[in-house]
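Numbering (this note's numbering), first residue to last: 59 to 412.
A virtual CB, placed ideally from N, CA and C, is assigned to each residue, including glycine.
From a predicted model like this one, the values you see are computed outputs, not experimental measurements.
Presented below is the structure to which this report refers.
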Ligand code: IPM
Ligand code: MG
């Protein structure tokens with residue numbers, strides 16, 4: 059099983075380093091893994107003048123799975139859009155056909171105090187956000203700048219979903235719901251957007267194949283509110299690219315820290331890219347304080363979804379639960395009486411727990 063390792067920028071290399079330690083520990087127990095690293099994001103621009111260098115893309119396409127850290131940083135903010143690190147991640151998603159983004163928001167009992175919400179609102183939270191990842195206003199054409207009829211300059215983007223794009227992500231939503239609590243909430247803005255009216259029609263049509271799943275629909279503004287009012291009403295949420303981007307950041311904070319949430323981005327062939335949902339956090343890069351758990355948990359998702367190694371995935375998740383139960387905390391989830399650790403020590407603790 060060959061893994062392309064794209065550590066990226068900022069805290070990326072530090073957190074990916076810990077995830078690799080964990081995978082190497084499993085390799086000692088017989089998991090056959092091969093790793094190859096390549097520059098990506100700002101590091102790709104520095105090395106080859108391109109956030110997704112051709113050699114990196116080639117490696118990612120040949121590998122069975124891709125492990126990513128994070129991309130971006132102030133150093134690259136002034137670059138033209140095509141060279142910005144974010145374009146690297148958007149292009150690799152498109153190139154690999156990674157249309158289904160799974161972002162679980164699970165609150166570990168040990169982290170109830172780290173959430174900004176009341177314990178009774180969040181304890182036991184376990185929801186899955188399925189975000190469509192290769193369509194919508196992120197990729198819709200036309201887009202750009204122009205002069206309007208009044209001679210003013212304007213910027214514009216196009217929100218757009220085709221029927222096959224909606225069908226395949228709806229399928230992932232229903233199939234995921236079937237394996238969980240059989241409740242699916244489709245989030246849209248049907249009261250305003252034509253794209254959303256179409257989205258809802260297609261989701262309702264796909265639902266005919268899944269009579270056991272209780273399907274509901276919610277406007278995105280209401281969903282944003284319900285996520286902080288009563289997040290446990292949700293089991294699986296399926297939504298488009300831009301709404302999913304926003305709601306998954308919101309959901310991450312329910313769990314105490316954005317440093318805890320892994321993600322899987324899957325294509326139709328079982329291939330996938332695995333990354334924490336947080337960014338490159340340039341302000342804390344190189345300080346050994348970033349939380350590596352989201353990246354470590356992303357490797358568990360990799361073992362489960364691309365390699366069908368559920369027991370190995372479970373081992374990683376159990377090890378993470380154990381280190382949290384033992385009181386290890388990076389600063390983002392710190393609390394009174396905890397064992398304060400840095401990035402490397404947290405990785406070591408997970409390896410020891412394994
Ligand atoms: C995410 C990120 C990306 C996105 C950025 C870095 C382009 O916010 O993965 O959620 O908007 O999809
Ligand atoms: Mg985001």
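CB contact check: residue i to chain D, cutoff 9 Å
i: residue 155; result: Absent from the structure is chain D; it holds one protein chain and no more.
Start-to-end residues for the alpha helix (DSSP H) that takes in residue i
i: residue 363; result: 351-363
i: residue 372; result: 368-383
i: residue 296; result: Segment 294-297 is the beta strand (DSSP E) holding residue 296; no alpha helix (DSSP H) there.
i: residue 59; result: First-last for residue 59: undefined, no H or E at that position.
i: residue 188; result: First-last for residue 188: 184-190, but that is the beta strand (DSSP E), not the alpha helix (DSSP H).
i: residue 84; result: 70-86
i: residue 254; result: 252-265
i: residue 103; result: 100-106
Any non-hydrogen atom of the ligand IPM within 8 Å of residue i CB
i: residue 129; result: yes
i: residue 188; result: no
i: residue 125; result: no
i: residue 154; result: no
i: residue 303; result: yes
i: residue 166; result: no
i: residue 144; result: yes
Residue i, buried or exposed, once every other Cβ within 10 Å from all chains shown has been counted against 16
i: residue 274; result: exposed
i: residue 316; result: buried
i: residue 372; result: exposed
i: residue 314; result: buried
i: residue 123; result: buried
i: residue 279; result: exposed
i: residue 249; result: exposed
i: residue 227; result: buried
i: residue 108; result: buried
Residue range of the unbroken beta strand (DSSP E) whose run includes residue i
i: residue 158; result: 158-164
i: residue 410; result: Counting along the chain, residue 410 falls outside any beta strand (DSSP E), though it belongs to the alpha helix (DSSP H) covering 401-411.
i: residue 245; result: 241-246
i: residue 222; result: Taken as a continuous stretch (DSSP letters only), residue 222 belongs to no beta strand (DSSP E), being part of the alpha helix (DSSP H) at 221-237.
Residue i CB to nearest heavy atom of the ligand MG below 8 Å
i: residue 347; result: no
i: residue 307; result: yes
i: residue 150; result: no
i: residue 69; result: no
i: residue 295; result: no
i: residue 335; result: yes
Check whether the region 191-211 and the region 279-294 touch, using three or more Cβ-Cβ pairs below 8 Å as the test. no
So, do the region 349-362 and the region 106-121 have three or more beta carbon pairs nearer to each other than 8 Å? no
Would the region 333-348 and the region 169-178 be scored as touching if the rule is three or more Cβ pairs under 8 Å? no
Any chance the region 319-329 sits against the region 372-386, with 3 or more Cβ pairs inside 8 Å? no
Assess, as a yes-or-no matter, whether the region 200-208 is touched by the region 272-287 under the definition of 3 or more beta carbon pairs within less than 8 Å. no
Between the region 277-289 and the region 243-262, do three or more beta carbon pairs fall short of 8 Å? yes
Between the region 91-104 and the region 67-79, do at least 3 Cβ pairs fall closer than 8 Å? yes
Determine contact between the region 75-86 and the region 139-149, defined as no fewer than three beta-carbon pairs at a distance below 8 Å. no
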